[in-house]
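Numbering (full-length UniProt numbering), first residue to last: 1 to 348.
First the structure, in the form of structure tokens, and then the observations on it.
This is the structure in structure tokens:
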């Protein structure tokens with residue numbers, strides 16, 4: 001992983017992290033600054049990128065490639081990617097989940113794979129498996145310490161993304177879910193460039209309902225349109241809090257602070273109106289008065305896949321690296337996610 005280019009494509013006197021003489025970034029990347037070959041590389045005619053050819057060959061056994069995007073961080077993109085992968089695997093599909101969020105790799109934790117290592121064979125890097133039909137690859141498996149910061153410039157990030165795509169041995173799988181970093185950065189341009197050659201199905205964009213998030217989603221949609229990636233749909237995550245009344249915590253405010261009143265409140269409900277214990281408590285956490293993601297999708301002409309409520313049990317499943325579909329407590333989020341997955345399979 002010393003250089004981003006293919007073997008035989010990097011001069012001996014090149015700078016570290018050279019993108020390769022045949023790369024579109026040759027002579028233009030940050031790592032090219034000060035290289036004695038920079039002018040030659042920048043002006044020389046480029047042939048087909050040998051790494052792209054290798055990526056096409058490697059991913060020829062992957063039937064569907066799904067890119068999961070978000071306009072900003074913190075909207076639940078990685079949680080959605082993880083649960084989408086769980087759902088597809090539980091439908092008896094062969095699934096791969098590739099985490100290219102280089103600086104914020106949360107997929108290992110959300111799949112319950114923290115502390116796992118990557119193994120290499122004569123066929124390439126082997127994914128880390130959750131189940132026999134669900135494999136995962138992430139830079140998180142390469143960090144000596146999970147608290148280590150990844151402080152890399154664009155060319156080195158792109159080199160690792162390229163290496164993931166051409167060196168990971170997924171075998172014959174039905175779906176490759178790619179969890180991308182938030183925004184529209186250099187990594188997005190690279191992953192789109194590499195995957196387009198392999199026949200990418202399209203992108204799923206995750207957002208929250210409020211305008212501050214939707215502003216960036218509009219940019220993400222326009223990015224996809226400009227680079228020619230179909231938008232398979234938008235998912236509105238954290239679409240209001242949904243929680244069984246029996247799971248709520250009650251407090252009683254006072255002059256000296258709050259006191260816990262949960263036991264008293266639940267006992268009162270059990271005595272006076274026990275049927276309320278099966279009622280779902282709802283609260284609109286984010287302002288969606290302007291129509292949220294559904295209205296935005298109608299305005300921009302892209303599919304709206306559905307809403308996923310803010311469900312504390314889903315958050316707990318993600319923290320513990322579990323599928324929410326096998327947990328009866330995820331009664332608010334699991335059905336919503338299942339409906340989205342069914343729509344997605346029909347559209348791609």
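The beta carbon of each residue, even a glycine, is placed where N, CA and C say it ideally should be.
Residue i in three-state terms, based on DSSP
i	result
residue 15	coil
residue 137	strand
residue 380	Nothing can be reported for residue 380: it is not among the residues displayed for the chain, which extend from 1 to 348.
residue 1	With a pLDDT of 42 at residue 1, under the threshold of 50, the predicted position of this residue should be treated as unreliable, and no value is reported.
residue 159	helix
residue 292	helix
residue 20	coil
residue 10	coil
residue 168	strand
residue 202	strand
residue 285	coil
residue 227	helix
residue 346	helix
residue 333	coil
Beta-carbon spacing of residue i, residue j below 7 Å
i	j	result
residue 105	residue 114	no
residue 54	residue 157	no
residue 243	residue 281	yes
residue 285	residue 241	yes
residue 20	residue 321	no
residue 220	residue 200	no
residue 246	residue 214	no
residue 155	residue 101	no
residue 332	residue 324	no
residue 197	residue 224	no
residue 178	residue 305	no
residue 209	residue 283	no
residue 15	residue 41	no
residue 174	residue 123	no
residue 71	residue 216	yes
residue 259	residue 252	yes
Beta-bridge partners of residue i, as assigned by DSSP
i	result
residue 244	280
residue 237	308
residue 120	125
residue 176	65, 96
residue 207	236
residue 258	253
residue 131	134
residue 56	For residue 56, which the question treats as bridged, DSSP gives no partner whatsoever.
Residue i: CB within 6 Å of a non-hydrogen atom of the ligand FMN
i	result
residue 21	This structure simply doesn't include the ligand FMN, nor any ligand for that matter.
Nearest-angstrom beta carbon gap, residue j and residue i [assumed within contact, 8 Å]
i	j	result
residue 176	residue 98	6 Å
residue 309	residue 233	Not quite, the Cβ-Cβ distance comes to about 18 Å (not below 8 Å), so this is no contact.
residue 49	residue 81	With a Cβ gap of about 27 Å, residue 49 and residue 81 do not count as contacting.
residue 128	residue 116	5 Å
residue 83	residue 133	So it is not a contact: roughly 16 Å between Cβ atoms.
residue 76	residue 237	4 Å
Segments assigned beta strand (DSSP E), at least 3 residues, entirely inside the segment 71-114: 95-99
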